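**Student:**
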Amino acid sequence: LLAHLPEFMVPALFMHLEALPLSPNGKLDRKALPEPGALQDRPFEAPQGETENLLAAILGELLEVPQVGRHDNFFELGGHSLAAIRLVDRLNKAGLRAALNDVFQQPSVASLAARLVNHAGQGEGAITVREGGTQTPLFLLHEFTGLDFYFPVLGQQLGGDFAIYGLPGVPAGQAQPRTLECLARYQIAQMRKVQPHGPYRLAGWSFGGVVAFEMANQLLGAEEAVEFVGLIDTHVPRLADQGKARWSGTHALERQLLLNCSTFWRTQGPAAAEKRAQLQRLESAQADFAGLLASCREHGLLYGLWASMSDAQLLHYFSRELAHGHALAHYRLSPLSMPVHLFRAEQGSDSLPSLGWREALPTQPLSVIAVPGDHRSLMEAPHVTAVAQALTEALGTCSAGPHTGYSSPVAIQTGQAGHAPLFCVPGAGDSVTSFIGLAEALGPEWPLYGLQARGLDGAGVPHSTVEAAADCHVQAIEALYPQGPLSLLGHSFGGWVAHAIAARLEAKGRQVRSLTLVDSEAPGAGGTCGQPYTFGEALQRLIDALQLATGKAFGIDPAAFAQATDDQQLQQLHAAMVGSGLLPARSTPGVLDGTVRTFATALRTVYRPQLAYSGPVGLVLVDDPRLDALANAREHAGMQEGWQQLMPRLALWQGPGDHFSILKVPDVFSLAAWWHDGQALQHGKVTP
Numbered sequence: 001l002l003a004h005l006p007e008f009m010v011p012a013l014f015m016h017l018e019a020l021p022l023s024p025n026g027k028l029d030r031k032a033l034p035e036p037g038a039l040q041d042r043p044f045e046a047p048q049g050e051t052e053n054l055l056a057a058i059l060g061e062l063l064e065v066p067q068v069g070r071h072d073n074f075f076e077l078g079g080h081s082l083a084a085i086r087l088v089d090r091l092n093k094a095g096l097r098a099a100l101n102d103v104f105q106q107p108s109v110a111s112l113a114a115r116l117v118n119h120a121g122q123g124e125g126a127i128t129v130r131e132g133g134t135q136t137p138l139f140l141l142h143e144f145t146g147l148d149f150y151f152p153v154l155g156q157q158l159g160g161d162f163a164i165y166g167l168p169g170v171p172a173g174q175a176q177p178r179t180l181e182c183l184a185r186y187q188i189a190q191m192r193k194v195q196p197h198g199p200y201r202l203a204g205w206s207f208g209g210v211v212a213f214e215m216a217n218q219l220l221g222a223e224e225a226v227e228f229v230g231l232i233d234t235h236v237p238r239l240a241d242q243g244k245a246r247w248s249g250t251h252a253l254e255r256q257l258l259l260n261c262s263t264f265w266r267t268q269g270p271a272a273a274e275k276r277a278q279l280q281r282l283e284s285a286q287a288d289f290a291g292l293l294a295s296c297r298e299h300g301l302l303y304g305l306w307a308s309m310s311d312a313q314l315l316h317y318f319s320r321e322l323a324h325g326h327a328l329a330h331y332r333l334s335p336l337s338m339p340v341h342l343f344r345a346e347q348g349s350d351s352l353p354s355l356g357w358r359e360a361l362p363t364q365p366l367s368v369i370a371v372p373g374d375h376r377s378l379m380e381a382p383h384v385t386a387v388a389q390a391l392t393e394a395l396g397t398c399s400a401g402p403h404t405g406y407s408s409p410v411a412i413q414t415g416q417a418g419h420a421p422l423f424c425v426p427g428a429g430d431s432v433t434s435f436i437g438l439a440e441a442l443g444p445e446w447p448l449y450g451l452q453a454r455g456l457d458g459a460g461v462p463h464s465t466v467e468a469a470a471d472c473h474v475q476a477i478e479a480l481y482p483q484g485p486l487s488l489l490g491h492s493f494g495g496w497v498a499h500a501i502a503a504r505l506e507a508k509g510r511q512v513r514s515l516t517l518v519d520s521e522a523p524g525a526g527g528t529c530g531q532p533y534t535f536g537e538a539l540q541r542l543i544d545a546l547q548l549a550t551g552k553a554f555g556i557d558p559a560a561f562a563q564a565t566d567d568q569q570l571q572q573l574h575a576a577m578v579g580s581g582l583l584p585a586r587s588t589p590g591v592l593d594g595t596v597r598t599f600a601t602a603l604r605t606v607y608r609p610q611l612a613y614s615g616p617v618g619l620v621l622v623d624d625p626r627l628d629a630l631a632n633a634r635e636h637a638g639m640q641e642g643w644q645q646l647m648p649r650l651a652l653w654q655g656p657g658d659h660f661s662i663l664k665v666p667d668v669f670s671l672a673a674w675w676h677d678g679q680a681l682q683h684g685k686v687t688p
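Residue numbering for the sequence shown follows the numbering used here, starting at 1 and increasing by one per position.
(1) Quick one: is K193 buried, meaning 16 or more other Cβ sit within 10 Å of its Cβ, or exposed?
(2) Going by DSSP, name the residue or residues bridged to A203.
(3) What separation, rounded to the nearest whole angstrom, lies between the Cα atoms of E635 and A99?
(4) In whole angstroms, what is the alpha-carbon distance linking C398 and E64?
(5) Rounded to a whole number of angstroms, what is the C-alpha to C-alpha distance between Q48 and F75?
(6) Contact between the segment 595 to 607 and the segment 526 to 541 is defined here as three or more beta-carbon pairs at a separation below 8 Å; is this criterion met?
(7) Mind reading off the beta-carbon distance from L220 to L336? Whole number of angstroms is fine, and I expect it under 8 Å.
(8) Specify the secondary structure class of G166 as computed by DSSP and reduced to three states.
(9) Could you give the residue range of the alpha helix (DSSP H) that holds T385?
(10) Bridge partners for F561 per DSSP, in chain order?
(11) Looking at the secondary structure, which residues open and close the alpha helix (DSSP H) in which H316 lies?
(12) Let me confirm a value: K508 is counted as buried when at least 16 other C-beta atoms fall within 10 Å, else exposed. Which label applies?
(13) Is the beta carbon of L539 less than 9 Å from the beta carbon of Y331?
(14) Cα separation between S377 and D148?
(15) Tell me the DSSP secondary structure of Q40 in three-state form.
(16) Expressed to the nearest angstrom, what Euclidean distance is found between the alpha-carbon atoms of D677 and R513?
(17) Please return the same chain residues whose Cβ sits closer than 7 Å to the Cβ of A468, not counting the five positions on each side in sequence.
(18) In the DSSP output, what is C472 paired with across the bridge?
(19) To the nearest angstrom, report how far apart L671 and I662 are at their CA atoms.
(20) Sort out for me which residues DSSP pairs R344 with in a bridge.
(21) Quick check on H197: buried or exposed, where buried means 16 or more other Cβ atoms within 10 Å of its Cβ?
(22) Is it the case that the segment 493 to 512 contacts the segment 466 to 481, given that we only count it when at least three CB pairs across the two stretches are under 8 Å?
(23) By DSSP, does F423 sit in helix, in strand, or in coil?
(24) Based on the DSSP output, what are the partners of Y150 in its beta bridges?
(25) Restricting to Cα atoms, I'd like to know which of V518, G615, H80, L91 is closest to A57.
(26) Return the CA-CA distance between V229 and D658, expressed in angstroms with no decimal places.
(27) Leaving aside the five residues before and after L183 along the sequence, list all residues of the same chain whose C-beta is less than 7 Å from its C-beta, in chain order.
(28) With 16 other CB atoms within 10 Å as the buried threshold, where does G121 fall?
(29) Between the segment 448 to 458 and the segment 511 to 529, do three or more beta carbon pairs fall short of 8 Å?
(30) CB-CB under 7 Å to V384, same chain, minus the five flanking residues each way: which ones, in chain order?
(31) Using a Cβ-Cβ cutoff of less than 7 Å, which residues in the same chain neighbour P462 once the five nearest sequence positions on both sides are dropped?
(32) Taking the alpha carbon of H375 as the point to measure from, which residue in A110, G79, A240 has its own alpha carbon closest?
(33) What are the boundary residues of the alpha helix (DSSP H) that includes S262?
(34) Rounding to the nearest angstrom, what Cα-Cα distance links Q511 and Q679 in this structure?
(35) To which residues of the same chain is L302 closer than 6 Å at the C-beta, ignoring the five residues directly before and after it?
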């Protein structure tokens with residue numbers, strides 16, 4: 001059996017009986033079964049060292065065993081999965097970093113103690129499910145609770161010559177991310193402690209599949225290779241999130257506790273009628289979380305693991321679930337530039353064979369593999385063996401897709417020889433066409449190129465880091481213009497990318513004649529960019545920007561807009577843009593997908609410059625018409641101070657107009673004149 005099953009699934013002792021003892025009604029009489037005597041047959045050896053003694057004491061208390069030796073096995077002592085969860089909790093309380101996988105892999109006191117000693121000094125992060133291997137490791141993502149219980153169950157059944165790691169939820173004591181994007185960023189950071197660079201393999205059960213999907217999105221956006229994304233019975237968010245209101249509001253935490261308790265007691269039949277009635281009374285009482293939790297304890301409404309958890313642990317548990325629910329309800333899917341594997345439980349609903357993925361993302365390459373069981377039983381014996389086999393087979397066929405590469409700069413005007421070209425980076429979600437007015441204002445002799453953001457056309461994954469975007473743009477510049485001086489200009493968020501490009505070109509020995517930042521926030525200044533926006537919040541920012549740019553009110557109520565689904569929000573924005581003449585009436589909301597995706601990605605991007613730029617730099621300041629003079633002065637001072645910390649040679653210019661009009665007639669002529677005055681003409685032929 002040891003050749004085919006994990007150690008914890010192999011019986012500790014086989015006993016031969018002539019016949020099973022039966023009760024008078026013909027059923028098995030368990031009380032009449034003989035005692036196995038397995039524990040008495042093993043010589044007792046006392047625990048050694050502080051960790052073994054502590055572990056033995058905890059095991060004795062949990063499993064009600066009077067004496068625990070260093071070679072005693074947790075499962076032979078009567079341990080099971082629920083007891084394993086309690087053991088891990090007790091060990092973590094005692095200051096020993098433990099995970100469920102440790103108990104399953106090292107079930108004896110001595111071996112588990114040795115594993116815990118090896119964990120000492122390590123921070124939170126990835127859990128080792130299986131070590132070694134010559135192939136790319138696999139990372140498993142936690143399900144909705146954030147617990148790690150399924151990692152060893154699935155991991156020990158997987159074939160293949162690769163290491164397996166589990167990524168549990170954000171631990172207690174840390175702020176819980178309220179968006180999928182932030183949660184994925186956190187998990188990527190934990191993963192990179194084990195594997196700094198790709199190719200990556202990711203898989204997640206249920207909610208974990210959505211986390212894995214978003215991680216792949218961000219990794220591809222950071223120019224990392226991703227070989228595999230596996231969704232294990234994962235529904236698209238709109239089929240599982242239960243609506244935005246469910247996860248927000250004053251009593252959301254209390255609702256989560258009551259709902260979880262009610263869900264359990266509804267399955268317990270007539271005997272639990274009083275429990276269900278008590279829960280209804282508690283719901284009407286509207287107590288705060290502490291009071292509600294105390295009442296649940298008093299009336300025996302907490303069950304299983306919850307009954308043994310402290311108030312602080314339960315607060316963390318339900319707060320984390322609440323954060324996960326909020327993140328799921330506010331997440332919008334966008335296609336990846338790689339295949340995705342969906343492992344669908346056969347006993348699930350037949351109405352959506354792809355669990356909504358093909359309907360939500362028609363262009364997403366998707367393979368659907370049927371596996372036995374339902375949503376929960378697929379992680380239990382015997383179904384988990386088949387799930388692991390299907391996952392192993394899919395992993396055996398995966399490979400990293402072709403590198404996306406860079407897009408060539410868009411020639412706005414080719415200019416004349418003798419003039420160093422100007423490369424321009426537009427703001428978040430904007431097009432390089434926004435620089436047409438600048439090209440006309442500078443005059444036809446200046447070569448001017450636009451560096452378009454990837455994904456704006458809806459065909460690619462937007463860059464998720466400034467550094468990745470800059471690296472691709474540098475490649476594009478060098479392919480077009482391999483030598484000679486050049487200038488850079490970035491508008492708004494494009495200023496961050498332009499700064500990173502300038503620093504990289506300077507590090508390569510290229511002459512950057514000037515860097516111009518047009519109304520661009522300083523990195524890390526706590527401004528608009530680099531914040532944890534939900535999809536709806538990012539879309540509201542886009543609405544504000546479009547209203548400022550056009551001078552037209554869209555008539556969208558922010559409160560009602562915030563509660564709408566992502567599809568409804570996109571439809572409202574599309575209708576407003578059609579009504580304002582920004583889009584043709586025959587267009588569909590899908591025409592906005594690329595713009596919205598790149599805009600939202602840019603807003604969430606955090607930039608912490610690692611490379612310095614020491615060349616000439618100018619910062620263009622303009623007023624925000626929505627602010628008074630004092631507020632504008634504060635904005636300008638913060639922008640100036642932030643950039644000067646990075647580039648002491650910063651030159652300032654107060655321009656006319658606002659954030660958008662500075663690139664339009666007539667204000668753009670003032671910008672062009674100021675920029676032109678600061679340039680010294682480059683004599684001689686410029687190599688195109």
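Heads up, the beta-carbon is just placed ideally off N, CA and C, and yes, glycines get one too. Every value quoted in this text rests on a predicted model; they were computed, and no experiment measured them.
**Tutor:** This is what the structure holds:
(1) exposed
(2) L140, G230
(3) 48 Å
(4) 48 Å
(5) 20 Å
(6) yes
(7) 6 Å
(8) strand
(9) 383 to 396
(10) In DSSP, F561 forms no bridge with anything.
(11) 311 to 329
(12) exposed
(13) no
(14) 16 Å
(15) For Q40, the pLDDT reaches just 49, beneath the cut-off of 50, and the residue's location in the model is therefore unreliable, although a value from the coordinates is still provided. Helix.
(16) 13 Å
(17) G221, A222, E223
(18) DSSP output for C472 lists no bridge partner at all.
(19) 7 Å
(20) A370
(21) exposed
(22) yes
(23) strand
(24) Looking at the DSSP assignment, Y150 forms no beta bridge with any residue, so it has no partner.
(25) L91
(26) 44 Å
(27) P177, V211, A327
(28) In this prediction, G121 scores a pLDDT of 45, lower than 50, which makes its location untrustworthy; no coordinate-derived value is stated.
(29) no
(30) V153, L154, Q157, L378
(31) G221, A453, R454, G455, R597, T598, T601
(32) A240
(33) 252 to 265
(34) 13 Å
(35) C296
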